[in-house]
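Colleague: Take this structure, written in C-alpha cells, and hold onto it; I'll ask about it next.
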Amino acid sequence: MKQWLRKWRLMSVFAVLALALSGCGKPYLSALDPAGEVAQKQYHLMILSTSIMVIVIAVVVVIYVTALIRFRRKKGKEDYIPKQVEGNHVLEIIWTVIPIVLLVILAIPVIAATFNLGDTKAMDKKDKNGHSKVLVVNVRAHLYWWEFEYPDQGIITSQTLVMPEDQKVYFNVKAADVKHAFWIPAIGGKIDANVDNVNKFWLEVDSDKAKEANNLFYGKCAELCGPSHGLMDFKVKTMSKEDFASWVDEMKADTNPAPTTALAKDGENIFKQSCASCHAVTPNDKRPESARLAPNLATFGERERVAGILDHNKENLKKWIKDPQAYKPGNKMPAFKDQLSDQDLDALADYLMGLKVENR
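Numbers 1 to 360, taken from full-length UniProt numbering, label the letters of the sequence shown in order.
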C-alpha cells in the first residue's frame with residue numbers, strides 16, 4: 001500500500017510539472033503566443049476545441065461521481081436495483097443532440113478558417129510585367145535545409161526567410177527529396193512540403209508582436225524526414241515594409257562579393273574549385289532550380305549558426321566542412337577532411353565568413 005501511494009505521489013508531481021512546463025515558451029517559437037493573423041485564428045480554434053473537451057470531460061466526471069456515490073452498494077440494500085432509464089426518449093434525445101450541437105459549434109469556425117487560410121487567389125493576379133501583385137515566396141525543403149526564392153524580386157536565400165510586417169505573404173511550398181513540413185509556430189502553419197505537388201497558403205506577421213520577439217522567429221520541419229529531422233530549423237527575420245523594400249534593393253544589387261583580405265582571396269579560389277558547383281554566393285543566382293543543390297551562401301557571414309546548429313565562428317565552420325555527417329547525419333554535403341589542408345580550411349572559412357550583403 002505504501003509503495004503504491006509513493007508511486008501515486010510521484011505521478012502527481014510529474015503531472016503538475018508537465019502542466020507547468022506546457023505553459024512555458026518563447027515569443028519567437030511558441031504557437032501559444034501568436035504573432036500573426038493565421039496563428040491567432042489557429043490559437044482561437046485550439047482554445048475553442050480545448051474548452052469543448054474540458055466541458056465534456058467535466059460533465060462526464062460529474063455524472064460518473066454522482067452515480068458512484070448515489071448508487072453505490074449499501075449495507076442492507078445489496079439487492080437494491082435503481083430505477084432503469086433505458087428507452088427514455090427524452091434522455092436519448094438529449095445525449096444525441098448535445099454532441100451534434102458541440103460538433104456544429106466546432107465545425108463552423110474550423111471550416112470558415114480553413115477556407116479563409118487556404119484562399120490564395122490573390123497569387124493569380126498579375127501586373128503588366130507578369131509579376132504577382134502580392135509578395136510570393138517559393139519554399140523548397142531539402143535534407144536538411146531550406147531555400148526561399150522571391151521569384152518576382154529575383155532573390156534566393158537559404159536558411160533565413162525575410163518577411164515584411166503587417167502584409168500578407170503568399171507561399172508555394174514543395175520538397176526536393178522527401179516529404180517535409182513547413183511550420184513557423186508563432187506565425188502560423190503547418191503545411192506539407194511534398195515532392196509531387198505544390199501547396200499554397202499565406203501568413204501575416206503582426207508588427208507589435210514582432211517587436212516583442214526582436215523581429216526574429218524560428219521555423220521548423222514538422223514532418224519526420226530522416227535522422228537529422230530535429231536539426232532542420234530556419235530563421236524568420238521580420239521588418240517594416242520600407243525596410244523590406246531596402247533589403248530587396250540591397251540583395252538585388254549584390255552581384256559579385258569581393259574578398260576583403262588576401263586570405264579570403266585564397267579562400268575564394270578554393271571555393272570556386274571545391275564548392276561552387278553546388279553553392280552560390282550571390283542572392284540573385286540565375287541557376288535553375290534543378291542546379292541549386294546546396295544552400296545559397298550569399299549572406300553566410302550574417303548568420304547566427306553554422307549549418308543551423310553550431311555557433312557561428314570559423315572553428316565550427318571548419319569542423320562542419322571537414323565532417324558534416326558528424327553534426328547532421330544523413331545530409332548530402334560531402335566531407336572535405338581528406339581533400340583540404342588546414343591552410344585551405346583557414347582560407348575558405350575566412351572567405352565564407354566575409355560573405356555579407358546587408359549594410360555592406
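The C-beta atom is built at its ideal place from N, Cα and C for all residues, glycine as well.
(1) I'd like to check one pair, Gln167 with residue 375: are the Cβ atoms closer than 8 Å?
(2) Could you check the C-alpha separation between Val101 and Val38 for me, to the nearest Å?
(3) Verify whether the separation of the beta carbon atoms of Gly354 and Gly301 is less than 8 Å.
(4) Given that a residue counts as buried once 16 or more other Cβ atoms are within 10 Å of its Cβ, and exposed if not, what is Thr299?
(5) Does Tyr351 come out as helix, strand or coil in the three-state DSSP assignment?
(6) With a threshold of 16 other CB atoms inside 10 Å of the CB of Gln153, please say whether the residue is buried or exposed.
(7) Let me know if Arg360 comes out buried or exposed under the rule of 16 or more other beta-carbons within 10 Å of its beta-carbon.
(8) Hey, out of Phe14, Met53, Val173, whose CA is closest to Ile191's CA?
(9) Taking the alpha-carbon positions, what's the Asp243 to Pro164 distance?
(10) What does the alpha-carbon distance come out to for the pair Ser246 and Asp233?
(11) Taking the alpha carbon of Lys318 as the reference point, which residue from Pro329, Gly330, Asp338 has its own alpha carbon closest?
(12) For the beta strand (DSSP E) holding Val162, just list the boundary residues, first then last.
(13) Leaving out five residues before and five after Thr238 in sequence, what residues of the same chain have Cβ atoms less than 6 Å from its Cβ?
(14) Pair every Cβ in the region 35-51 with every Cβ in the region 180-188, then say whether three or more of these pairs are closer than 8 Å.
(15) Residue range of the beta strand (DSSP E) that Glu92 falls in?
(16) Thinking just about the alpha-carbon of each residue, which of Asn199, Val90, Ala347 is nearest to the one in Ala262?
(17) Restricting to runs no shorter than 3 residues, where is the beta strand (DSSP E) found entirely within the region 111-156?
(18) Could you say which of Gln273, Tyr170, Trp146 lies nearest to Gln159 if we only look at CA atoms?
(19) Within the same chain, show all residues whose beta-carbon is closer than 7 Å to that of Val110, passing over the 5 residues directly before and after it, in chain order.
(20) Residues in the same chain with beta-carbon distance under 6 Å from Glu149, minus the five sequence neighbours each way, listed in chain order, please.
(21) So, under 8 Å CB-CB, Phe336 and Lys322 are touching, yes? Tell me the CB distance rounded to an integer number of Å.
(22) Straight-line CA distance for Leu103 to Trp95?
(23) Can you say whether Gly267 is buried or exposed, counting buried as having 16 or more other CB atoms within 10 angstroms of its CB?
(24) Which two residues bound the contiguous beta strand (DSSP E) that contains residue 361?
(25) Among the candidates Arg292, Pro334, Tyr327, whose CA atom is the shortest distance from the CA of His142?
(26) Could you tell me the alpha carbon to alpha carbon distance between Gly76 and Tyr64, rounded to whole angstroms?
(27) Round the Cβ separation of Ala264 and Asp344 to the nearest angstrom and send it over; I've been treating them as touching at under 8 Å.
(28) List the endpoints of the continuous beta strand (DSSP E) containing Lys237.
(29) Is Glu86 close to chain B, meaning its C-beta is less than 8 Å from at least one C-beta of that chain?
Modeller: Reading it off the structure:
(1) Residue 375 is absent from the structure shown; the chain starts at 1 and stops at 360.
(2) 26 Å
(3) yes
(4) It counts as buried.
(5) helix
(6) buried
(7) Unreliable positioning characterises Arg360 in this predicted model, as indicated by a pLDDT of 46, which lies under 50. The coordinate reading is nonetheless provided below. Its Cβ having fewer than 16 others within 10 Å, Arg360 is exposed.
(8) For the residues Phe14, Met53, Val173, the minimum Cα distance to Ile191 belongs to Val173.
(9) 8 Å
(10) 26 Å
(11) Considering only alpha carbons, the answer is Asp338.
(12) 160-164
(13) Same-chain partners within the cutoff: Met163, Glu165, Val205, Ala210, Asn215.
(14) yes
(15) No beta strand (DSSP E) contains Glu92, which is instead part of the alpha helix (DSSP H) from 89-117.
(16) Ala347
(17) 135-142, 145-150
(18) Trp146
(19) Leu45
(20) Asn138, Ile156
(21) 6 Å
(22) 13 Å
(23) buried
(24) Within the shown structure, residues of the chain are numbered from 1 to 360, placing residue 361 beyond reach of any answer.
(25) Arg292
(26) 23 Å
(27) Their Cβ separation, rounded to whole angstroms, is 13 Å, which puts Ala264 and Asp344 out of contact at 8 Å.
(28) Under the DSSP assignment, Lys237 falls in the beta strand (DSSP E) whose first and last residues are 233-239.
(29) Among the chains of the structure shown, chain B does not appear; only one protein chain is present.
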